[in-house]
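From first to last, the protein sequence lines stand for chains A and B.
Mapping the first sequence onto the numbering used here, position 91 (from 1) lands on 91, and the numbers just tick up by one.
Each number in the numbering used here corresponds to the 1-based position in the second sequence with 1000 added.
The C-beta atom is built at its ideal place from N, Cα and C for all residues, glycine as well.
Written out below as structure tokens is the structure these notes cover.
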Amino acid sequence: MIINNKEPLLEAKDLKTYFFTENGIVKAVDGVGFKVYQGEVLGLVGESGCGKSVTAFSIIRLLDYPGKTVEGEILFKGENLLRKTDAEMRKIRGKDIATIFQEPMTALNPVLTVGFQISEALLMHFKISKDEAIKKTIELLEKVGIPMPEQRINEYPHQLSGGMRQRAMIAMAMSCDPILLIADEPTTALDVTIQAQILDLMSTLLREFNGSLIMITHDLGVIAEIADRIAIMYAGKIVEYANKRTIFYNPLHPYTFALLTSIPRLDMEMKRLNVIPGIVPNPLHFPEGCKFNPRCRFMTDRCKEEEPQLIKVEEGHLVRCWNIDKVAPEVKKGLLVGV
Amino acid sequence: MNRILRKLFSNITSLIGIILLIIFIAIAIFAPVIAPPLSEDHYLIPRMSWDINPQPPGSPMSDDIRDIYDYMGAEIKYDRAICGTAEGGYDIFYGLIWGTRTAFKIGLITVSVSMLIGLFIGSISAYFGKWLDEILMRITDIFLSFPFLVAAMVLTTVLGRGLDKVMIALIVFGWMGYSRVIRGSILSAKEETYVIAARALGVKDNKIIWKHLLPNTIFPVLVQASMSIGSMVITASALSFLGVGAPVGYADWGQMVSFARNWIIGSPGHAGQYWYTVLYPGIFIVLFVLAWNLIGDTLRDILDPRLRGEL
């Protein structure tokens, strides 16, 4: 649901995060900007290595050397997170902005009990006793649908199944009632049925505490399920930004279009699975002009020379492409009948 | 934990190590019963005679010494040198028994303190990285560049005689290995997702090191520590042998070997006449070191996943 809030909860402005490697500067995130409103879900979609996760890590400032956010602003509740001291940032992490990680297998410490790891954040951010923290932990585990939580808190991660661990991770993230949740491919390591359960759980919890979510994924199915607005990223830049309906029914960027047509369809007869030709460009040697041009079927000479800006097509729909006029009719046809 | 204990007891070499260690612990605990002290300072080896020549095993306490104890009103609880006496009439048996306590003291204190120092320096160096890592590791390098025994000898000489001085010297030049090992382990472990997840929850740095990283990385250090308890005792003995260790007459195996220095060969025509002066303390040192090494070896085998066949 898109509510017409005036003030965004989180706003990234022209965010640039570079990695200074021995071989040169990798522009992992190069001028990304978006807004997340209260109670809304923003989907960050893109292929591996397009900068989705780096964007997330830049927001919570967990990038280690050689990664560094060199430019831009991250306004969270009107305050710039990039200007905060480490101690202030630590108070925000976990308390206001919580993160769910990709692999529940590795995101839980193997030598600590599940209960300890969940109550740790509680003890850190609230002045409560150990007993109260344990009680809250049991409640949380119950809320995320883990049976027999009194027993589970004394168990170690390897004693839980993948889905259970991801539920425990969600409980951990939700423990301090954050207002913004960043989920970095939370369902990638899970099978489809568990995926559906986890997504269901996440949207229920989100509605309950009226929080916002930044969902990072390469799975358009997941995004269709949960997101309100979607930002499609390619090579460190947002190439299309719109609400869910527009992205799925009226995309204007050739990359979004190609992604959508690459999904196998069950409702029509198709001889071959569509793919996007070529590979993701090496971040050390991005192509000249539009970074998508070597793989784009609408490519013109101009694409090779000049990089397009984000163009506002209509309110809340931004596209980074020179050939929107050419793409639009093709897209209409393509999405209907397949390519 | 159960698995580790089971392996320790099922393996024959480690079982030998454990049995040896248990015997040594028993000796250390029951030292006052096995060799009742005659003087106020329990670590002072009683003299059985004033004779400069070592006396063979079984020789009795000389009369003039007995007179002194009678005069002092002390109760003479035993009056026979079971393992003979060393140069100057020092009772070897008493020295061996109370030397066990000294050995444990040296081994455990030096290793645990230097391990703590090493863990502290290594872990903050690895976790915080950058310039702190640079500085701390260069300091470690400087300490590593001194030859261990020579450096320890020089420092003990400067500080003066005494067991505490020996231990200080061993600690000052003994922590670098631990800091290197833990630094390596933490460098790789801190990239794990659970560490990033903990940071994303807002957990404080010291708590991440203490609660999340060390439990995952400490085992190689523990193995190294258990192995070096033996070698620390050897080094302390070497210092005593060279005459810069424990004060004269202190119950310390190294010192007892040092007493034997002039008598190892024996007298002309009687090679090995004074065998007891060097053999008994030597055996004790060797067995003590062997016990720790066997246990350390097995610990390493158990904790190394490559040898365990899991990788």
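Determine the direct distance from the alpha carbon of residue j to that of residue i, and round the result to whole angstroms.
i         : j         : result
Leu1132/B : Ser1179/B : 14 Å
Met1/A    : Glu40/A   : No answer about Met1/A holds up, because its pLDDT of 48 lies below 50 and its placement is not dependable.
Phe1312/B : Thr1102/B : No answer is possible for residue 1312/B: it lies beyond the span of chain B, which begins at 1001 and ends at 1311.
Val275/A  : Ser262/A  : 5 Å
Leu213/A  : Ala183/A  : 7 Å
Tyr241/A  : Pro149/A  : 41 Å
Leu1311/B : Pro110/A  : Its pLDDT being 45, under 50, Leu1311/B is placed unreliably by the model, and nothing is read from it.
Glu314/A  : Phe34/A   : 16 Å
Asn1293/B : Ser53/A   : 48 Å
Gly1202/B : Glu22/A   : 31 Å
Glu1191/B : Val1278/B : 53 Å
Ile1142/B : Phe1259/B : 35 Å
Phe1288/B : Tyr18/A   : 57 Å
Asp86/A   : Ile60/A   : 11 Å
Ala168/A  : Arg90/A   : 21 Å
Lys130/A  : Cys176/A  : 15 Å
Ile1045/B : Gly1254/B : 13 Å
Lys13/A   : Gln309/A  : 15 Å
Pro281/A  : Leu260/A  : 20 Å
Thr1087/B : Arg1161/B : Sequence inspection shows Glu at residue 1087/B; the Thr mentioned does not correspond to that position. Cα to Cα, the separation comes out at about 20 Å.
Val331/A  : Phe298/A  : 11 Å
Glu142/A  : Ile100/A  : 18 Å
Ile128/A  : Lys77/A   : 26 Å
Gln1224/B : Lys1204/B : 29 Å
Ile1019/B : Met1167/B : 27 Å
Thr1140/B : Ile1117/B : 11 Å
Leu1119/B : Arg1183/B : 8 Å
Thr1217/B : Asn1206/B : 15 Å
Trp1210/B : Ile97/A   : 24 Å
Met174/A  : Glu139/A  : 11 Å
Thr300/A  : Leu199/A  : 40 Å
Gln38/A   : Cys303/A  : 37 Å
Met1153/B : Ser1010/B : 41 Å
Give a yes or no on whether the C-beta atoms belonging to residue i and residue j are separated by under 8 Å.
i         : j         : result
Gly221/A  : Gln197/A  : no
Ile1092/B : Tyr1250/B : no
Val192/A  : Arg320/A  : no
Gln102/A  : Met172/A  : no
Ile1121/B : Leu1108/B : no
Ile1076/B : Arg1066/B : yes
Ile1106/B : Ile1027/B : no
Leu1314/B : Thr1298/B : A question about residue 1314/B goes unanswered here, because the residues of chain B that appear run from 1001 up to 1311.
Gly1058/B : Tyr1276/B : no
Ala1291/B : Leu1021/B : yes
Pro1215/B : Val1181/B : no
Leu1283/B : Ile1004/B : For the sequence presented, residue 1283/B should be read as Ile rather than Leu. Against a cut-off of 8 Å, the Cβ pair of Ile1004/B and Ile1283/B comes out as no contact.
Gly67/A   : Lys16/A   : no
Gly236/A  : Asp64/A   : no
Val36/A   : Leu44/A   : no
Ser1226/B : Gly1272/B : no
Leu201/A  : Val114/A  : no
Arg1080/B : Pro1056/B : no
Give me the chain E residues within the contact set of residue i, using Cβ-Cβ distance strictly less than 8 Å, ordered along the chain.
i       : result
Gly94/A : The structure shown contains no chain E; its protein chains are A and B.
Quiz item: Which full runs of the alpha helix (DSSP H) of 4+ residues lie inside the stretch 235-297 of chain A, going along the chain?
Solution: Fully enclosed alpha helix (DSSP H) runs of 4 or longer: 244-249 and 254-261.
Quiz item: Which parts of the stretch 56-139 of chain A are runs of the beta strand (DSSP E), unbroken and 3 residues or longer, counting only runs that do not cross its ends?
Solution: Runs found: 67-76 and 97-100.
Quiz item: Residues in the stretch 1187-1209 of chain B with C-beta within 9 Å of chain A's C-beta atoms, listed in sequence order?
Solution: Flagged, chain order: Lys1190, Glu1191, Glu1192, Thr1193, Tyr1194, Val1195, Ile1196, Ala1197, Ala1198, Arg1199, Ala1200, Leu1201, Gly1202, Val1203, Lys1204, Asp1205 and Lys1207.
Self-check item: Secondary structure, alpha helix (DSSP H): runs of 4+ residues fully inside the stretch 1130-1210 of chain B
Solution: 1130-1144, 1148-1159, 1163-1172, 1176-1189 and 1193-1200, all fully within the stretch 1130-1210 of chain B.
Exercise. Assess, as a yes-or-no matter, whether the stretch 208-224 of chain A is touched by the stretch 178-198 of chain A under the definition of 3 or more beta carbon pairs within less than 8 Å.
Key: Here the stretch 178-198 of chain A lies against the stretch 208-224 of chain A, with 3 or more beta-carbon pairs under 8 Å apart.
Exercise. Please list the residues of the stretch 1213-1226 of chain B that have a C-beta atom closer than 8 Å to any C-beta atom in chain A, keeping them in chain order.
Key: Residues Pro1215 and Asn1216.
Quiz item: So, do the stretch 240-260 of chain A and the stretch 321-331 of chain A have three or more beta carbon pairs nearer to each other than 8 Å?
Solution: Touching, yes.
Exercise. Using a Cβ-Cβ cut-off of less than 8 Å, list which residues of the stretch 1129-1158 of chain B approach chain A; keep chain order.
Key: Listed in sequence order: Gly1129 and Lys1130.
Practice problem: Would you check if the stretch 1166-1175 of chain B and the stretch 135-149 of chain A touch, i.e. whether three or more CB-CB distances between them fall below 8 Å? | Solution: Short answer: they don't touch.
Practice problem: Return the residues of the stretch 1074-1089 of chain B that lie within a Cβ-Cβ distance of less than 7 Å from chain A, sorted by chain order. | Solution: Taking 7 Å as the Cβ-Cβ cut-off against chain A, none of the residues of the stretch 1074-1089 of chain B qualify.
Self-check item: Residue ranges of each alpha helix (DSSP H) within the stretch 164-248 of chain A, 4 or longer
Solution: Assignment of alpha helix (DSSP H) within the stretch 164-248 of chain A, counting only whole runs of 4 or more residues, yields 192-209 and 220-226 in chain order.
Practice problem: Count the C-beta pairs between the stretch 1027-1038 of chain B and the stretch 1110-1118 of chain B that are closer than 8 Å, then say yes if the count reaches three, no if not. | Solution: Under the 8 Å Cβ criterion, the stretch 1027-1038 of chain B does not count as touching the stretch 1110-1118 of chain B, having fewer than three qualifying pairs.
Self-check item: Three or more C-beta pairs below 8 Å linking the stretch 303-318 of chain A and the stretch 71-90 of chain A
Solution: Contact between the stretch 303-318 of chain A and the stretch 71-90 of chain A is absent: fewer than three C-beta pairs spanning the two stretches fall below 8 Å.
Self-check item: Start-end ranges of the alpha helix (DSSP H) lying completely within the stretch 1208-1290 of chain B, minimum 4 residues
Solution: As far as the stretch 1208-1290 of chain B is concerned, its whole alpha helix (DSSP H) runs of at least 4 residues are 1214-1217, 1219-1241 and 1253-1259.
Quiz prompt | Length-filtered (4 minimum) alpha helix (DSSP H) runs lying within the stretch 1051-1123 of chain B | solution = Qualifying alpha helix (DSSP H) stretches, in chain order: 1063-1072.
Quiz prompt | Residues of the stretch 105-121 of chain A whose Cβ lies closer than 9 Å to any Cβ of chain B, in chain order | solution = Of all residues in the stretch 105-121 of chain A, only Met105, Thr106, Ala107, Leu108, Asn109, Pro110, Val111, Leu112, Phe116, Gln117, Glu120 and Ala121 place a beta-carbon less than 9 Å from a beta-carbon of chain B.
Self-check item: Cβ-based contacts, 9 Å cut-off: residues of the stretch 64-84 of chain A near chain B
Solution: Within the stretch 64-84 of chain A, the qualifying residues are Asp64 and Tyr65.
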